[in-house]
Each structure stands twice: as C-alpha cells, then as structure tokens.
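S.K.: Mind looking over this structure? Questions follow.
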Amino acid sequence: MVKRRQGPDRGAAAKQRINDVPIVNCSLAADVKITHPDLVNIYGCTIGSQTQIGPFVEMQADTSIGARCKISSHSFVCSGVTLEDGVFVGHGVMFTNDMYPASTNPDGALKGAQDWECLETRVGRGASIGSNATILCGISIGAGALIGAGAVVTRDVPARTIVAGVPARVIGEVPLAQSNGQSHSSTRQSQQPEDRA
1 MVKRRQGPDR GAAAKQRIND VPIVNCSLAA DVKITHPDLV NIYGCTIGSQ TQIGPFVEMQ
61 ADTSIGARCK ISSHSFVCSG VTLEDGVFVG HGVMFTNDMY PASTNPDGAL KGAQDWECLE
121 TRVGRGASIG SNATILCGIS IGAGALIGAG AVVTRDVPAR TIVAGVPARV IGEVPLAQSN
181 GQSHSSTRQS QQPEDRA
C-alpha cells in the first residue's frame, strides 16, 4: 500500500488568490466580457468595446486590444503587442516580445526590466490566429490574415494571406469577401486544419 504524505492546507491561500482582483490598472470598455474574471491575469493594458476574453489568459502592461476581439483561453499576450479591431486569438496562442531571452546578463547578473528590449508586434484588423500558434516578436500580421493552428510565425504576414507550419509559410490567400470580418471557414486548406473557437 502506498502512503501519501499530507501536504500543508492550501485552501486558505487558494481562496485568498481567488478573491484578489487579477485585473489591475487597465482601461476596459464598459462592455468587455471576461468569462471568468477570477481566472485571468490582466494588468496595465487597454481593451476595446465588445471584446471577449476567455479564462486563463494573461495580458501584460502596454498591450492594446481593439474592439470586438476574441481572445480564447490559455493565451498569453505580452507587453508590446497591439491587436487591432476584430482580431481572433485561438486557444493557447503565445506572443513573445524579446528576440534573445535570457535570465542573466553577460556578466552573470540577473536581468532586470532595463536589460531587455521589447520588440513590438502588431496584428491587423480582422486577422485570425489559430490555436497554439506562436507569434515571435517584432513582426506585423496584416489585416484579414489567417494563421494556422500550431504555426510558428517568424516574419511579417501580408494582409489576407494564409500561413501555416513551422516555420509558418504562405499556403493561400483569404478571399476579399472573407477578410471583411466574416468567417474564414471557406478558406481552410487541407494542409492545415483550423479549430473553431
């Protein structure tokens, strides 16, 4: 018989964290919908009208989210990211903002905020980013572009372009009618299935 060690009672600490407000110093439009406000970490950012945010999302300071965006669960939107109006972010999407991340400086000292350069990333109006995509820093994703699930985007994506793969490569073009805020479902390519969130 396996004996389990009983750990410390974490109930009080968990309740304290849940009761703490995880949305700090943000400018939110009155009609922003956050599915589970106690299960997000949002601070120092701006969020536009009618935007919807799922659980377990983190948005860091100096992030700007436009109107009518959807950010699905488990996504990370770091400092320096701008999402224009109508952007869709699938589940588990990761943005980065440091081209050469490291924990220490060349002299071995722990890096501080002053020791790194935040490279900005912009996602154009009506673009869609599939689940588990990774968006490297310092790039631009054009209006109406479609990023396939699991893609690793390492360079700029032109407007109305479909990219997929690791690294992401162009596999098609979004028809003009589809890039005006309508569903991308008819543009799906057989090479890369896309989730519907």
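Read in UniProt numbering, the sequence shown has 54 at position 54, and its numbers run on one by one without any break.
All C-beta atoms in this analysis are idealised placements derived from N, C-alpha and C, irrespective of residue type, glycine included.
A quick note: this is a predicted structure, and the numbers were derived from the prediction, not measured.
Can you check whether the CB of L119 is closer than 9 Å to the CB of D98?
M.R.: Residue 98 sits at position 98 when you count from the first residue of the sequence shown. Residue 119 sits at position 119 when you count from the first residue of the sequence shown. Yes.
S.K.: Out of curiosity, what's the CA-to-CA distance linking F76 and E58?
M.R.: As a first step, residue 76 must be located in the sequence shown, where it is residue number 76. As a first step, residue 58 must be located in the sequence shown, where it is residue number 58. The alpha-carbon atoms of F76 and E58 are separated by roughly 5 Å.
S.K.: Per DSSP, which one or two residues make a beta bridge with V81?
M.R.: The count along the sequence shown starts at 1 and reaches residue 81 at position 81. V81 is bridged to T121.
S.K.: By alpha-carbon positions, which one of D31, A145, S140 ends up nearest to F95?
M.R.: Taking the sequence shown and counting its residues from 1, one reaches residue 95 at position 95. Of the candidates D31, A145, S140, the one whose C-alpha sits nearest the C-alpha of F95 is S140.
S.K.: Between L110 and the rest of its own chain, which residues show a CB-CB distance below 8 Å, the 5 nearest in sequence each way excluded?
M.R.: Locating residue 110 in the sequence shown gives position 110, where the first residue counts as 1. Closer than 8 Å at Cβ, skipping near neighbours: S103, T104.
S.K.: Suppose you measure from the CA of G66 to the CA of P106; what does that come to, to the nearest Å?
M.R.: Taking the sequence shown and counting its residues from 1, the one referred to as residue 66 is at position 66. Taking the sequence shown and counting its residues from 1, the one referred to as residue 106 is at position 106. Straight-line Cα distance between these residues: approximately 38 Å.
S.K.: Is the distance from the Cβ of I162 to the Cβ of V153 below 9 Å?
M.R.: The count along the sequence shown starts at 1 and reaches residue 162 at position 162. The count along the sequence shown starts at 1 and reaches residue 153 at position 153. Contact: no.
S.K.: Could you tell me whether the Cβ atoms of I129 and G90 are closer together than 9 Å?
M.R.: The count along the sequence shown starts at 1 and reaches residue 129 at position 129. The count along the sequence shown starts at 1 and reaches residue 90 at position 90. Closer than 9 Å, so yes.
S.K.: Given this structure, state the Cα-to-Cα distance separating I171 from A159, to the nearest angstrom.
M.R.: Here residue 171 refers to the residue found at position 171 of the sequence shown. Here residue 159 refers to the residue found at position 159 of the sequence shown. So the two alpha carbons sit approximately 13 Å from each other.
S.K.: Taking only the alpha-carbon atoms, compute the straight-line gap between L39 and F56 and give it to the nearest angstrom.
M.R.: Against the sequence shown, residue 39 aligns to sequence position 39. Against the sequence shown, residue 56 aligns to sequence position 56. Their Cα atoms are separated by approximately 5 Å.
S.K.: Looking at the secondary structure, which residues open and close the beta strand (DSSP E) in which I162 lies?
M.R.: Within the sequence shown, the letter at position 162 stands for residue 162. Unbroken beta strand (DSSP E) run through I162: 161-164.
S.K.: Specify the secondary structure class of A176 as computed by DSSP and reduced to three states.
M.R.: Against the sequence shown, residue 176 aligns to sequence position 176. Strictly speaking, residue 176 in this sequence is Leu, with Ala absent from that position. Residue state, collapsed to three classes: helix.
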